[in-house]
Every structure is written in structure tokens, then in C-alpha cells.
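Chains A and B supply the protein sequences, listed in that same order.
Counted the way this note's numbering counts, the first sequence spans residues 3 to 120.
Counted the way this note's numbering counts, the second sequence spans residues 530 to 645.
Ideal Cβ positions, reconstructed from N, Cα and C, are used throughout, including at glycine.
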Amino acid sequence: AQKVTQAQTEISVVEKEDVTLDCVYETRDTTYYLFWYKQPPSGELVFLIRRNSFDEQNEISGRYSWNFQKSTSSFNFTITASQVVDSAVYFCALFANAGGTSYGKLTFGQGTILTVHP
Amino acid sequence: GAVVSQHPSWVICKSGTSVKIECRSLDFQATTMFWYRQFPKQSLMLMATSNEGSKATYEQGVEKDKFLINHASLTLSTLTVTSAHPEDSSFYICSATPWREGRGVYFGPGTRLTVT
Chain A
3 AQKVTQAQTE
13 ISVVEKEDVT
23 LDCVYETRDT
33 TYYLFWYKQP
43 PSGELVFLIR
53 RNSFDEQNEI
63 SGRYSWNFQK
73 STSSFNFTIT
83 ASQVVDSAVY
93 FCALFANAGG
103 TSYGKLTFGQ
113 GTILTVHP
Chain B
530 GAVVSQHPSW
540 VICKSGTSVK
550 IECRSLDFQA
560 TTMFWYRQFP
570 KQSLMLMATS
580 NEGSKATYEQ
590 GVEKDKFLIN
600 HASLTLSTLT
610 VTSAHPEDSS
620 FYICSATPWR
630 EGRGVYFGPG
640 TRLTVT
């Protein structure tokens with residue numbers, strides 16, 4: 003079975019603060035992919051990052067950075083100097099093989115509602 | 530980049546009628562398509578996984594006879610909500626991938642279904 007846990011249901015920060023969204027995952031597979039998506043009020047998911055299980059390098063993209071640690075099964079997401087436009091729901095997701103079948107599936111965490119106040 | 534479309538983007542129907550939602554991969558062949566359901570302020574719940582040419586695999590608790598999924602070609606999957614009821618009102622999102630191992634999963638914009 004695979005599972006993704008985002009412990010923070012809601013986070014509220016003031017603009018320019020840094021904020022970290024936590025994600026912990028469970029899978030028995032050795033090969034898997036981790037994702038972060040942003041869902042603004044419109045509902046359409048916006049892809050942010052994909053990381054495969056063999057690549058533990060941290061990544062930075064502008065104000066966004068991700069910390070992948072296999073030892074703790076975590077894939078945390080940090081927004082530096084947050085802005086009001088960052089307000090959205092953020093989902094962490096895991097793509098792994100569904101218990102040995104040929105095709106895997108993508109499982110989402112519960113989501114974290116981020117509100118950035120001006 | 531890879532594009533997935535959904536049609537319609539929103540639909541209102543009367544209780545008891547059936548509604549069909551289409552999901553198309555526009556610039557790639559999708560070996561697998563996924564259908565999700567999202568209630569307000571909740572996460573995306575996987576309903577079923579659809580592989581071209583074979584029967585869909587439904588998640589536990591999802592009624593196969595109520596949510597009919599057909600993946601007739603490598604670029605089209607359809608979800609039919611049969612005999613819809615108000616509790617079926619939700620945001621339905623499809624996604625598609627050209628790879629088995631999840632190297633990239635692309636999402637449609639979603640379909641908002643309201644059953645009156």
C-alpha cells in the first residue's frame with residue numbers, strides 16, 4: 003500500500019515569511035516518483051516538481067526549494083519570501099507501483115491550505 | 530508540454546440522468562489514465578485507473594456500475610456517471626501518463642458536476 007501524509011492542514015503566514023510544507027510518504031517500492039502540485043481556486047492543478055526515488059539532490063527553483071530525504075521518507079517544500087499569489091492548496095503526491103501490477107498509480111496527500119497575508 | 534483536456538468543464542444535470550465526461554491527451558499517447566474525485570476542501574481521491582484496451586481498475590469503495598470508465602483509445606478515456614444523484618456532485622479530474630512508471634503525470638483542468 004502507498005500513502006502520503008501532509009501533516010499541516012492549514013498554514014497562515016505574512017508576506018515575505020518563509021514557509022515549509024511537510025510531506026511524508028510510504029511505499030514498498032524502490033522505484034517511485036514524488037510530486038508537488040499547486041491548486042489555486044480555479045481548481046486546475048499546477049505541476050511544480052517531480053523527483054524520482056534515485057535522485058536525492060535537493061532542488062531550487064526561484065523562491066521554491068525541495069528537500070528529499072529517503073532516510074526519513076520525506077519530501078518537503080519550502081517557499082522563500084512568500085507572496086500573496088502563493089496562496090493556494092498544495093498537494094504532495096506519490097507515484098508507485100500498485101502492489102506489483104504493471105501499472106502504478108498516483109496517490110495524493112491531504113493537501114495543505116496556504117494563506118499568505120499582505 | 531503534454532496537454533490533457535477535459536470536456537465539459539462544468540455540467541449541471543437533473544437527478545437520475547447520466548453524464549459523460551471526456552478526457553483526452555492531446556499531444557501524447559496515454560498508456561494509463563486516472564480518474565479522481567475531489568470534494569470541496571478535500572484532497573483528490575483516486576476513483577479508478579484506466580489502461581487502454583483493458584478494463585478499468587476501481588479503487589475500493591467506488592461503484593463500478595455507477596461510474597463507468599472506458600478507455601477506448603490511447604488518447605481518450607470517458608467517465609460516465611450513471612443515474613446521478615446530488616451526492617455525486619463533485620469536481621472530477623482526469624490525468625494521463627505515457628509511461629508506466631510515473632515519470633510524468635499530466636492533469637486535465639477538471640469537470641465540475643452539479644446534480645440538482
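- The secondary-structure analysis by DSSP pairs A95(A) across a beta bridge with F37(A), F110(A).
- Scanning W564(B), F568(B), G590(B), Q589(B) for the CA closest to the CA of T578(B) turns up W564(B).
- Listed as beta-bridge partners of K18(A) by DSSP are no residues whatsoever.
- In this structure, the alpha-carbon of V16(A) lies about 46 Å from that of T611(B).
- If you look at N60(A), you'll find it isn't in any beta strand (DSSP E); DSSP assigns it neither H nor E.
- For K40(A), no Cβ of chain B is located within less than 8 Å of the residue's own Cβ.
- Residue pairing by DSSP places M562(B) opposite S579(B), A625(B) in a beta bridge.
- With respect to the 8 Å criterion, S76(A) and E19(A) are not classified as neighbours on the basis of their beta carbons.
- Secondary structure of T117(A) (DSSP, three-state): strand.
- Annotation: S14(A) to W38(A) spans about 19 Å, alpha carbon to alpha carbon.
- Per DSSP, L603(B) lies in no beta strand (DSSP E) and is assigned neither H nor E.
- Assignment of K595(B) by DSSP, reduced to helix, strand and coil, places it in the coil class.
- At the C-beta level, G111(A) and T22(A) stay beyond 8 Å of one another.
- With a beta-carbon spacing of about 4 Å, S606(B) and M562(B) fall inside the 8 Å limit used to define contacts.
- A601(B) sits away from V533(B), with the two beta carbons spaced by 8 Å or more.
- Under the Cβ criterion of 8 Å, V591(B) is not counted among the residues facing chain A.
- In the DSSP assignment, the residues bridged to S67(A) are I62(A), T80(A).
- V644(B) sits close to S544(B), with the two beta carbons spaced by under 8 Å.
- In its chain, beyond the 5 residues on either side, A531, V532 have a beta carbon closer than 8 Å to the beta carbon of D556(B).
- The criterion of a C-beta distance shorter than 8 Å is satisfied by N78(A) and D24(A).
- Setting aside the 5 residues that flank it on each side, A90(A) is surrounded in the same chain by K40, Q41, P42, L116, each with a C-beta closer than 7 Å to its C-beta; the list follows chain order.
- Near chain A, meaning a CB-to-CB distance below 9 Å, the residues of the segment 569-583 of chain B are K570, Q571, S572, L573, M574, L575, T578, N580.
- Its Cα nearest to that of T640(B), the residue E46(A) stands out among E46(A), N69(A), V87(A), S55(A).
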